[in-house]
Amino acid sequence: MKQIVWLMLALSAAVARAGEPSDKKMNTTNTTELATFGGGCFWCMEAVFERLDGVESVTSGYAGGKKDKPTYQEVCSGNTGHAEVIQIAFDPKRVSYDKLLEIFWEAHDPTTMNRQGRDVGTQYRSVIFYHSEAQKVAAEKSKETAQWRFPAPIVTEIMPLTKFYKAEDYHQDYFRNHPNAPYCAVVISPKLEKLKPKLAKP
17 MKQIVWLMLA
27 LSAAVARAGE
37 PSDKKMNTTN
47 TTELATFGGG
57 CFWCMEAVFE
67 RLDGVESVTS
77 GYAGGKKDKP
87 TYQEVCSGNT
97 GHAEVIQIAF
107 DPKRVSYDKL
117 LEIFWEAHDP
127 TTMNRQGRDV
137 GTQYRSVIFY
147 HSEAQKVAAE
157 KSKETAQWRF
167 PAPIVTEIMP
177 LTKFYKAEDY
187 HQDYFRNHPN
197 APYCAVVISP
207 KLEKLKPKLA
217 KP
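Residue 17 is where the sequence shown starts when you use the numbering used here, and the numbers rise one by one after that.
Shown next, in the form of structure tokens:
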């Protein structure tokens, strides 16, 4: 019984923390910058960028919508306008924003509107949320350069980040914590293997 009560309390706390807006400078230092990308399920994108040298941390969350403090269930409904995204804290002396963009284009299909594989809905759209004018310029240039690799037009949105909401705790480090879960084994692991030559972390 005690274990059941503890679990209920833990879940209640997680729900209470879910959707809290995150300061744009969260998890940063004087030498750390932020990048925010959406490219389908955030479990997948998180697992990819966590393995890139120079990345200090990756946080799964929601951005781009109008609903304050959204929950996962609300975002999945497709009615909030939010996309599943990751926010990357990185050291620009070790990895450039341009390098992050390069991995971004490789890590998902930017030509499918509101869809990545079997994940369908506006919450899975391809989007780059820029934190500065310099990031906006870099993203637009990178998008133009990446187009030659795809037979269909890139539909990735490029827009300013207004608010980032951290996702529920159970979404953080999902692949690391559940490597044998069906989605992780079938979708994420093959992608990581494919991108391994471009990722410096083991």
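Idealized CB from N, CA, C, for every residue including glycine.
Judged by DSSP secondary structure, Y146 falls within the beta strand (DSSP E) whose first and last residues are 142-146. Per the Cβ contact rule, the region 156-166 is not in contact with the region 189-196 (fewer than 3 Cβ pairs under 8 Å).
The beta carbons of I102 and V71 sit no closer together than 7 Å.
Sequence-distant Cβ neighbours of V74 in its own chain, meaning closer than 7 Å and more than five residues away, are E62, F65, E66, I102, I104. In the three-state reduction of the DSSP assignment, K212 falls in the helix class, which pools H, G and I. Apart from sequence neighbours up to five positions away, the residues of its chain that approach G137 with a beta-carbon distance below 7 Å are G94, N130, ordered along the chain.
When DSSP states are grouped into helix, strand and coil, Q163 belongs to the helix group. For L116, there is no enclosing beta strand (DSSP E); the enclosing alpha helix (DSSP H) covers residues 113-123. Around the beta carbon of Q89, fewer than 16 other beta carbons lie within 10 angstroms, which makes this residue exposed. Closest option to W59, judged by alpha-carbon separation, among A155, L215, K207: K207. Per DSSP, A51 is not a residue of any alpha helix (DSSP H); the beta strand (DSSP E) it occupies stretches across 49-55. In this structure I174 is in contact with K152, their Cβ atoms being roughly 7 Å apart against a cut-off of 8 Å.
DSSP places S205 within a helical segment (H, G or I) once states are collapsed to three. DSSP places E62 in the uninterrupted alpha helix (DSSP H) bounded by 58-65. Residue pairing by DSSP places R131 opposite V136 in a beta bridge. Taking S112 as reference, the option from E184, K210, A155 with the minimal CA-CA separation is A155. With distances taken between CA atoms, E100 lies nearest to H187 out of K212, H187, E122.
Per the DSSP secondary-structure output, Q103 pairs in a beta bridge with T52, T75. Annotation for D114: A154, S158 place their beta carbon closer than 8 Å to its own, counting only its chain and skipping 5 residues before and after. Rounded to whole angstroms, E122 and K210 show a C-alpha spacing of 10 Å.
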